[in-house]
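Those letters in the sequence shown? Residues -25 to -1, 1 to 351, by mature numbering (1 follows the signal peptide of the UniProt record, and there is no 0).
Heads up, the beta-carbon is just placed ideally off N, CA and C, and yes, glycines get one too.
Quick caveat, the model's predicted, so the values are computed rather than measured.
This report concerns only the one structure given below.
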Amino acid sequence: MNISRLKALLGATALTIVAASAAQAGGFSRGTADTDILYEQGNFNLRTSVTVVSPHREYTVNPYPDGTGYDYADTYVIPSAAVKFKIFDQLSCAGTVSMPYGGGVTYRPGGNGTLLKLEEDFTVMEYGATCAFRYELGKGRISFLGGAFIENVDYNLVGANGARVVDLKDTDIGWRAGIAYEIPEIALRAQLMYRSGTDVGASGTTAITGTPIVLPAAGFAELPQSVELKLQSGIAPGWLAYGSIKWTDWSVNEKLVLVLDNRSPANAAASTRIDTYNWQDGWTVTGGIGHSFSDSVAGTVFATWDRGVSTGWDLHTDTYTVGTGVSLKDKIGGELRAGLGVSYLTAGEETKYGPLNRAVGNDWAFAFSGGYSVKW
């Protein structure tokens, strides 16, 4: 196996997996912390990327005032950054920035749902630190990974046909741990990584549009734990096969509880509104092949299936994604990467609301990624 011809390929592989996950519809999943940088050679490594995802989702059945025949899913941007320092030969540590979860919708005037929503969005930004301790084992090496992260949650809602604005924020702490085995000679790596869940207890305000009324508000939900197995191996000179299986504990996300007036227990009870999810766990399966065309050019193609999590309470259905990516090494030691993913979003319908059930048809999403990395 010509390892030098695989180096560019590995970077393209990492990028296109980001593009694949970015277009998933399972739950609120978006990006993943780039802890794979811990395996890169070099004393100092920096890797950044931006993924733009443009989903298209239309109601085919909608009894609410906003009706059918328009795209209500917002386009969003996923940033990612990672920097790795080699402390000594056996220990490396990395700092990462990512957006693991998010969601955004914009409805027509008239509003949607019992809260008559016009806009609703939330983002979760993760700031993490992860270290890997490795030692030689047989022909390869084993690594133990562990770290912690801080999540910043930002939730915004425009409801009551624009008469009510809700702004909530929260900060939570979680952790990750994993184990990996590598045989660099054949570009083989197997990694199992666990990421903890977090409990969201956000606080903020509810403002009544056109009045000076601003009330204390709160929101409560749970974000899931996950376990992911990643595999890759060289299969011929200049060729790499890779894949992953990820389980996400979306069944903990039973509901979002909004308290629109938190001044007293009585006010809280009277103003509580609940978005019901009752999701099932998510499964994501990815597989791909990469090829290094030269020491500076590599490409890859991949496919992903993401199981929908809905159980009749909403419209998060199965997603199928195919994509491609390219990696180009420049003459100053950097690497430029680009990726494209196209997702097929399957049709689905609600079943729990009787005459108020909504439905969506088969739709599409497109993801575009670009990034750059350097090392010393």
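- Query: With Gly316 and Thr294 assumed to form a contact (beta carbons below 8 angstroms), what rounded beta-carbon distance in angstroms separates them?
  - Reply: Here residue 316 corresponds to residue number 341 of the sequence shown, with the count starting at 1. Here residue 294 corresponds to residue number 319 of the sequence shown, with the count starting at 1. With a contact defined as Cβ atoms closer than 8 angstroms, Gly316 and Thr294 miss out at about 10 angstroms.
- Alpha-carbon spacing of Gly179 relative to Asp142, whole angstroms: Counting from 1 along the sequence shown, the entry for residue 179 is found at position 204. Counting from 1 along the sequence shown, the entry for residue 142 is found at position 167. In this structure, the alpha-carbon of Gly179 lies about 6 angstroms from that of Asp142.
- Item | Distance between beta carbons of Glu126 and Thr173, contact taken as under 8 angstroms | Locating residue 173 in the sequence shown gives position 198, counting from the first residue. Locating residue 126 in the sequence shown gives position 151, counting from the first residue. In this structure, Thr173 and Glu126 form a Cβ contact; the two beta carbons are roughly 6 angstroms apart against a cut-off of 8 angstroms.
- If residue 380 and Asp9 are in contact, beta carbons under 8 angstroms, what's the gap, nearest whole angstrom? Only positions -25 to 351 of the chain appear in this structure, which leaves residue 380 out of reach.
- Kindly identify the DSSP beta-bridge partner or partners of Tyr156. Reading the sequence shown from its first residue, position 181 is the one you call residue 156. Looking at the DSSP output, Tyr156 sits in a beta bridge with Ile117 and Ala165.
- Message: Would Thr286 and Gln255 be called neighbours here (beta carbons separated by less than 7 angstroms)?
- Response: On the sequence shown, position 311 is the one that residue 286 refers to. On the sequence shown, position 280 is the one that residue 255 refers to. Yes, they are a contact pair.
- Task: State the start and end residues of the unbroken beta strand (DSSP E) segment that holds Asn20.
- Result: As a first step, residue 20 is located in the sequence shown; it is residue number 45 there, counting from the start. From DSSP, the beta strand (DSSP E) with Asn20 extends over Phe19 to His31.
- Task: Run the proximity test for Gln207: is its beta-carbon closer than 6 angstroms to any non-hydrogen atom belonging to the ligand ATP?
- Result: Among the ligands in the structure shown, none appear at all, so the ligand ATP cannot be discussed.
- Where do the ends of the alpha helix (DSSP H) carrying Pro75 lie? For the purposes of this step, residue 75 is taken as the residue at position 100 of the sequence shown. Per DSSP, Pro75 lies in no alpha helix (DSSP H); the unbroken beta strand (DSSP E) holding it starts and ends at Leu66 to Thr81.
- Inspect the CB distances between the region 71 to 78 and the region 308 to 326 and report whether three or more fall short of 8 angstroms. Of all C-beta pairs linking the region 71 to 78 to the region 308 to 326, fewer than three are shorter than 8 angstroms, placing the two stretches out of contact.
- Is Gly172 helix, strand or coil when you go by DSSP? On the sequence shown, residue 172 is found 197 positions in, with the first residue counted as 1. Reduced to three states, the DSSP call for Gly172 is coil.
- Query: Would Ala313 pass as a contact of Glu324 if the rule is Cβ separation under 7 angstroms?
  - Reply: The sequence position of residue 313 within the sequence shown is 338, counting from 1. The sequence position of residue 324 within the sequence shown is 349, counting from 1. In this structure, the beta-carbon distance from Ala313 to Glu324 does not fall below 7 angstroms.
- Message: Would Asp46 and Glu33 be called neighbours here (beta carbons separated by less than 7 angstroms)?
- Response: Position 71 of the sequence shown, counted from the start, is the residue given in the question as residue 46. Position 58 of the sequence shown, counted from the start, is the residue given in the question as residue 33. Cβ atoms of Asp46 and Glu33: closer than 7 angstroms.
- Message: Out of Tyr252, Gly274 and Leu311, which one is the CA nearest neighbour of Lys327?
- Response: For the purposes of this step, residue 327 is taken as the residue at position 352 of the sequence shown. Ranked by Cα distance from Lys327, the first of Tyr252, Gly274 and Leu311 is Tyr252.
- Item | Neighbourhood of Leu132 by C-beta, 6 angstroms cutoff - its chain only, sequence neighbours within 5 removed | As a first step, residue 132 must be located in the sequence shown, where it is residue number 157. Short of 6 angstroms from the beta carbon of Leu132, and not among the five residues preceding or following it, lie these beta carbons of its own chain, in chain order: Glu95 and Val141.
- Message: Less than 7 angstroms between the C-beta atoms of Phe108 and Leu66, yes or no?
- Response: Stepping through the sequence shown from its first residue, residue 108 is reached at position 133. Stepping through the sequence shown from its first residue, residue 66 is reached at position 91. Cβ atoms of Phe108 and Leu66: closer than 7 angstroms.
- Query: Helix, strand or coil: how does DSSP classify Asn337 here?
  - Reply: One-based indexing of the sequence shown puts residue 337 at position 362. Looking at Asn337 - three-state DSSP - the assignment turns out to be coil, as it is neither helix nor strand.
- Boundaries of the beta strand (DSSP E) in which Ala138 is found, first to last residue: Translated into the one-based positions of the sequence shown, residue 138 becomes position 163. Neither: Ala138 is in no beta strand (DSSP E) and is coded neither H nor E.
- Could you tell me which of Asp11, Gly44 and Gly176 sits nearest to Gly153, measuring between CA atoms? Stepping through the sequence shown from its first residue, residue 153 is reached at position 178. Of the residues Asp11, Gly44 and Gly176, the one whose Cα lies closest to the Cα of Gly153 is Asp11.
- Query: Straight-line CA distance for residue 354 to Lys59?
  - Reply: Residue 354 lies beyond the range of the chain shown here (-25 to 351); nothing can be said about it.
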